[in-house]
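Protein chains in written order, with this note's numbering: chain A, 21 to 133; chain B, 9 to 118.
We treat Cβ as the ideally placed atom computed from N, Cα and C, and that holds for glycine.
Since the model is a prediction, treat every value here as computed from it, not as a measurement.
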Amino acid sequence: NAGVTQTPKFRVLKTGQSMTLLCAQDMNHEYMYWYRQDPGMGLRLIHYSVGEGTTAKGEVPDGYNVSRLKKQNFLLGLESAAPSQTSVYFCASRGTGDNSPLHFGNGTRLTVT
Amino acid sequence: KQEVTQIPAALSVPEGENLVLNCSFTDSAIYNLQWFRQDPGKGLTSLLLIQSSQREQTSGRLNASLDKSSGRSTLYIAASQPGDSATYLCATSHPGGMRFGAGTRLTVKP
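And the structure:
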């Protein structure tokens with residue numbers, strides 16, 4: 021059981037380039053999330069999805085887009101990368117029910133130069 | 009807006025000590041509170057989840073408590089070991105998602 025898998029693990033982009041981060045979960049979870057983690061700031065929610073075909077904005081959505089075409093996949097896109105988007109990105113998923121625990125992937129370390 | 013604070017930011021203890029990590033939050037209208045462990049270069053692993061109606065949860069050497077009225081949670085680690093060295097984060101769950109603290113980086117010295 022792989023859980024939550026993120027690809028790629030590392031990426032370096034130049035300012036203005038675009039890329040897509042892929043998150044896949046094999047636990048049949050309805051809810052999926054994208055967070056970014058920056059030193060001293062904890063994790064901040066970028067976008068989330070409560071089911072296939074649905075997405076919603078989180079705390080820091082600007083500069084990012086997402087899609088949830090299949091239940092098991094949640095994609096995070098950067099259309100025009102900026103140095104402020106240098107961060108570690110984590111995907112997470114959980115089942116329905118307010119007390120379902122959150123499961124995390126191992127993260128993608130992105131550097132924008 | 010929920011604010012979650014963890015103090016101290018870093019803690020170093022000798023092996024075998026019992027220790028307490030603190031988490032405070034400003035909005036008591038939560039579904040639950042979770043404690044996570046994060047190893048360097050890795051994602052977060054859920055340690056304990058305390059539902060809003062509960063006061064504490066235990067797993068092995070770990071015990072987490074929740075006091076919603078005061079907006080506080082503690083994670084108690086008994087007989088600490090070098091393998092416990094990691095960053096510990098708490099997070100509160102709300103209708104719009106989860107709000108995380110910045111974490112406490114724990115080092116247990118042999």
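DSSP places Val70(A) outside any beta strand (DSSP E), giving it a letter other than H or E. When the five nearest sequence neighbours on each side are left out, the beta carbons in the same chain lying within less than 6 Å of the beta carbon of Gln65(B) are those of Leu56, Ile58 and Ala72, in order along the chain. Closer than 8 Å to the CB of Leu122(A) there is at least one CB belonging to chain B. Taking 8 Å as the CB threshold, Tyr84(B) stays off the interface with chain A.
Taking C-alpha positions only, Lys34(A) is separated from Leu97(B) by approximately 32 Å. Taking all protein chains in view, the Cβ of Ser69(A) is crowded by 16 or more other Cβ atoms within 10 Å, so the residue is classified as buried. Annotation for Thr34(B): Gln10, Glu11 and Gly79 place their beta carbon closer than 7 Å to its own, counting only its chain and skipping 5 residues before and after.
Rounded to whole angstroms, the gap between the alpha carbons of Gln62(B) and Arg88(A) is 34 Å.
When CB distances to chain B are screened at a threshold of 7 Å, the residues of the segment 59-83 of chain A falling below it are Gly60, Met61, Gly62, Leu63, Leu65, Tyr68 and Gly78, in chain order. Distance from the CA of Gln105(A) to the CA of Arg56(A), rounded to the nearest whole angstrom, comes to 9 Å. Of all residues in the segment 102-122 of chain A, those with a C-beta nearer than 7 Å to a C-beta of chain B are Phe110, Asp118, Asn119, Pro121 and Leu122, reading in chain order. Scanning its chain for C-beta atoms nearer than 6 Å, with the 5 sequence neighbours on each side dropped, one finds around Lys76(B) the residues Ser36, in chain order.
Interface annotation for the segment 39-71 of chain B against chain A: Tyr39, Asn40, Gln42, Lys50, Gly51, Leu52, Ser54, Leu57 and Gln59, criterion Cβ-Cβ distance under 7 Å. Residue state for Gln46(B) is assigned as strand, using DSSP reduced to three classes. The alpha-carbon of Gln46(B) is positioned some 15 Å away from that of Leu83(B). DSSP places Asp58(A) within a strand segment (E or B) once states are collapsed to three. Secondary structure at Gly111(B): coil, using DSSP grouped into helix, strand and coil.
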